[in-house]
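Below is one structure, written out as structure tokens; the observations come after it.
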Amino acid sequence: MKANRIPVVKEQILTWYEEANQHQLMVGSAAWYTWLEHASRFSFEGKEGSFTARKEPGQHGGMYWKAYRKAAGKLRRIYLGKSEALTHELLSTVATRFSGQQTREPSSLIPHQKSWSKHQLTAPAFPSNMSKPTFSGASALDLNIGRPLSPSKTPLPLTRLLGREQELAEGCRLLRQTVVRLLTLTGTGGVGKTRLAIEIAAMLQSDFADGVHFVQLASIQDPAFVLPTIARGFQFQGSGTTSPLEFLQTTLHNRHMLLVLDNFEQVIEAAPLLVELLTFCQSLKIMLTSREPLHVRGERLLSLQPLALPHAEAFGNQETFASYGAITLFVERAQEILPAFQLTSENAPLVAEICQRLDGLPLALELAAARLKLFSLHELLERLEKQRLALLADGPRDVPARQQTLRATLQWSYNLLSPAEQHLFRLLASFANGCTLSALEAISYTLGDQAASPLEAVTSLLNKHLLYQREQDHGERRLLMLETIREYGWECLLACHELEEVREAQARYYVHLTEEAASSTGEVQERWFDRIEWERDNLRVLLKWLVERGEQGQGIEMALRLAGAVAQFWTLRWYHWYVSEERYWVERALTNNTEVAPIIKAKALQAAAWLAVAQDDARRAEELYQKSLERYRKANAKAGLAPAYHWLGYLAWNAQRDSSKAQALLAECYKFAEDDKTLLALAHTTSGNMAIDQGNSDVAQEHLEQSLILCKASQNKKNLARALRGLGRVRLAQGDIAAGYALIEESLAYCRKTKNRLHQAYALDLLGRIACFQNDLASARAFLEEGLATLRILGIQRHCAYALAHLAHVAMLQGDIEAAHQLFTESLTQLYRLADYAGVATCLQRWGTILARQGSLQEATQLWGYAEVRRQAAKPHHFALPIEHIHFEQQDYELSHSEVRRQLGRQAFNSAWAEGQKLTLEQVLVLGKYPSPIHQAHGDANNQAEPNTFKQPASTTHIDALTSREIEVLRLVAKGYTDAQVADALIISPRTVHAHLRSIYNKLGISSRFAAIHYAHTAHLL
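Numbering of the sequence shown is given in our numbering, commencing with residue 283 and proceeding in unit increments.
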């Protein structure tokens, strides 16, 4: 031990150091008494006070402990006794005495050793698997030590029981049943088991002729002391002939009573003795609290979950919102600190997020509410995000030490685990979003735990409520932790210096998993991707760790392998925020000059190129595909050459409009693809789409039908969706709108089934434009809004701009000029910012066509003139993701152009056209807003959607009414984030995001996400 650091007992935990290594054990455990035999001193620190204990020789031999504390210039001393007498209860009582809070004399507080010998207790017969205790003259169970327990009185709570109405009713119902003799209230630490037990006992007081008797077992660590402790409450004095079990069987034989035993988990091996007692006492019932079930005959369980948290729909109803248990408890405890505290529509999202952050655990909520003396709700939430366990301390002094801080509560549970369970607990805390049992088994095996499956330890952790399960796709169960518990487990993992080896084992497992998924095809790959979707948070964390580790000179190969394998998943399932993050880490990994196998580097380069395509960055994608191609050639890996050639051909057409280059590259792809049906189908789809753009429907149909055959043969539903949409465009070009619509609708169904978000957005966009052309404006708006929402999730801003333009057309046709202009303005602004001048021309051309159909011939012609200037200024772009044009839209423009020219006359038409070519963007936007004359949308009134259905945003002056957090939420929503993404970005829960949005809607006087997005753009929040 270090000379300047003596062992210390604090919160029932002994901590000491040996050669700078920290060690801990529980006071009262077998290890505690073993340690005392070899120790010479320690200090005690608690709420009651502090002192130093020293072991000294007695006058007549033997070693005895004495407590010392200096006060008022004098050194005071209190006799403690032999090592076996030192319980936590005794130490706390002595500390109270030293602090001057105990009026009894030391002689009555702690009798001399000699006075104990006449009260020796005889132990009952114990099961063979339980060690028999030795009750010596120094036994801490003597009635004269400290304050005797009085089980005949149930503690009277000073606060209301909140949020447990169902559990209270169920507990009473069970205990009123004749067949129920033993009821165990289980749940994780801090969930409120003791408080519920007290309430049930109070409710049932009159149900039992001999009343309810309450026994607190928290200070007992040895199972052998359970029955003697219970017996003490019935005036058991102990003798050499009567055991505590025999005494209780005799005393309670004819008693009709309820015996309540609190905190049984640390003495759970004594459970068979309770069964023996119940068997002999026919009218006795026992209710106990424990963090795990007893697993004995006749036991009934009542499992307590964390308090209920509000669902999203509850945020709009203050009364409903306030009725949730977690909210009610937090608010009431806050009012104890701040009597003026009230739940309002403004602070409700913060309260909900705090409750969510604390997993609805009653103890955590009460400790957090107490902090409102120092912090505002905003400050409290921020501190919870950074230092949750450190913040949740300083609980009431009249509760056990383990309940005064959340860390102490979790430490109590942790210390009761076996070494194997503790190891598994730490391992599980390393996962970002839990894991499957199969993953845990594989990683445990890699870590060297090869002797046994972790199944037994997992079952134990589930029983102890340190884990919970959730069913994921295909029926596999996922093991997860409450975030509060996981944070404590993470601390333990770091303290044990196990992170490095755990991450290495996880890396090996997940690289193997993702590589197997990437090599699969068809429906098998879909099942793999469903599985990987649950692992995406683990993959993000792991990739970051591997790249950073590689930069420290420990090898980059695993990072590159993981990146190469998982990129296909990110892009196909298309989580924009993951695509963006992974691209950053993959590009960073590629800058590492460590030598790796060419094939590994080639796959990683291809992965980075794929991610660049996903972000519409054609220049970088082409550069990376070229580098990938070079390494595949170097490795003579023909399987890698074909996809590289395909994507280079794809970019040659879609980004550069170089058909010769594209056809040459695709020809190389066909040559190297050989029998790869999946890649051949993709190449035929790309060739078919290129032919559509070139106006060659027959060639396009031939390629796309071949792709369809290959997709069906390989059961590749992802590529099947692309081929069907391409064939739909062919039918539209051929004038068969009904057939084209049906094929695209079928494509959409496959996209939804395979969760292919990009192509789902493409299909929705096409269906919306077809519906608009057919004057089904309600359907058009529904398709286009869903497509826009999907595109915002993908983060493809250019496609969002086109979708906004299409929605502007629908709004104009519905007669909502103001909303149409706002959409139109936002669309053009984005396209200009992205330098997509061809897109600007296309949108203006379509907008002019709408104006022409409504009678604004002069303004339509001016817009067309401006569009022509923009089109001529456009250069081959470098966008990777194509905009799919529809043949009838161009036909509609050409017909409108001819008709306007006829009606205005050649001279007036040419004059308006020339005027349009001289306009500025600002003038174009004004022209689009105030065309004259504007007639109502064409067609029969029965075919019109409800007029003015596009809700206009409120004035931007309302921005002052929003809180800073609401502005953050609104800004992210306007960028296209889903509620889940907003929650991830701001480290809050989706429920809280819903609450913020509800508040935003109310303050801005709007009713939809769509209107909120427009408001954000109008208010220049982006």
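The beta-carbon is built from N, C-alpha and C at its ideal position, and this holds for glycine as well.
Check                                                                                                                         : Outcome
Selection from Thr-766, Ser-996 and Ala-506 that minimises the alpha carbon distance to Gln-669                               : Thr-766
Per DSSP, the bridge partner or partners of Trp-1195                                                                          : Per DSSP, none; premise fails for Trp-1195.
Nearest neighbour of Gln-531, chosen from Leu-556, Glu-547, Ala-1243 and Val-549 [CA to CA]                                   : Leu-556
Cβ distance (whole Å) where Arg-1007 is taken to contact Tyr-952 below 8 Å                                                    : Contact doesn't hold; Cβ gap of about 22 Å is too wide.
In DSSP terms, what Phe-326 is bridged to                                                                                     : Val-291 and Phe-333
Cβ-Cβ distance between Leu-611 and Leu-576 below 8 Å                                                                          : no
Buried or exposed by the 16-neighbour rule on C-beta atoms within 10 Å, applied to Gly-355                                    : exposed
Three-state secondary structure assigned by DSSP to Ile-360                                                                   : strand
Range of the contiguous beta strand (DSSP E) that encloses Arg-1280                                                           : Not the beta strand (DSSP E): Arg-1280 falls in the alpha helix (DSSP H), residues 1272 to 1286.
Secondary structure of Ala-1298, DSSP reduced to three states                                                                 : helix
Chain-order list of residues whose beta-carbon lies under 6 Å from that of Glu-256 (same chain, five-residue window excluded) : Absent from the model: residue 256. The displayed extent of the chain is 283 to 1304, so no value can be given.
Cβ pair Leu-534, Ile-568 closer than 8 Å                                                                                      : no
CB contact flag (Ala-841, Leu-825, <8 Å)                                                                                      : yes
Beta-carbon gap between Lys-352 and Arg-336 smaller than 8 Å                                                                  : no
Completely contained beta strand (DSSP E) runs for the segment 689 to 763, where each covers 3 or more residues               : 750 to 753 and 759 to 762
Closest Cα partner of Leu-486 within the set Leu-457, Arg-514, Thr-968 and Ser-501                                            : Leu-457
Leu-729 vs Ala-787 beta-carbon contact at 8 Å                                                                                 : yes
Segments assigned beta strand (DSSP E), at least 3 residues, entirely inside the segment 1062 to 1100                         : none
Own chain, CB closer than 8 Å to Val-1182, minus 5 neighbours either side, in chain order                                     : Ala-1134, Leu-1139, Ala-1142, Thr-1143 and Phe-1191
Contact check, Ile-609 vs Ala-646, beta carbons under 8 Å                                                                     : no
Cβ neighbours of Leu-992 in the same chain (closer than 6 Å, five flanking residues each side left out)                       : Lys-959, Leu-962 and Ala-963
For Met-345: DSSP bridge partner residues                                                                                     : Pro-339
Three-state secondary structure (DSSP) of Ile-568                                                                             : strand
Pick from Leu-887, Arg-915, Lys-916 and Arg-913 that is closest to Arg-902, judged by C-alpha positions                       : Leu-887
Segment limits, alpha helix (DSSP H) that includes Asn-820                                                                    : 818 to 831
Length of the line joining the Cα atoms of Asp-980 and Ile-974                                                                : 9 Å
Best match in Leu-673, Ala-1267, Glu-783 and His-1081 for proximity to Glu-769 [C-alpha to C-alpha]                           : Leu-673
Rounded straight-line distance, which links the Cα of Ile-881 to that of Tyr-914                                              : 6 Å
contact_flag[the segment 904 to 913, the segment 870 to 885] where n(CB pairs < 8 Å) is 3 or more                             : yes
Whole-angstrom C-beta distance between Thr-466 and Leu-559, which should lie under 8 Å                                        : Not confirmed; about 15 Å, so no contact.
Contact check, Lys-475 vs Leu-586, beta carbons under 8 Å                                                                     : yes
Close Cβ partners of Ala-1311 (< 7 Å) along its chain, the five nearest in sequence each way excluded                         : Nothing in the structure corresponds to residue 1311, since the chain is present only between 283 and 1304.
Spatially closest choice to Leu-296 from Glu-371, Leu-372, Leu-307 and Gly-453, by CA coordinates                             : Leu-307
C-alpha gap between His-394 and Glu-481, whole angstroms                                                                      : Reliability of the predicted coordinates at His-394 is poor, the pLDDT of 34 falling under 50, and the value obtained from them is presented with this limitation in mind. Going from the Cα of His-394 to the Cα of Glu-481 covers about 40 Å.
Leu-688 vs Gly-472 beta-carbon contact at 8 Å                                                                                 : yes
Below-8 Å beta-carbon distance, Thr-511 vs any chain D residue                                                                : Protein chain content of the structure displayed is limited to a single chain, and chain D is not contained in it.
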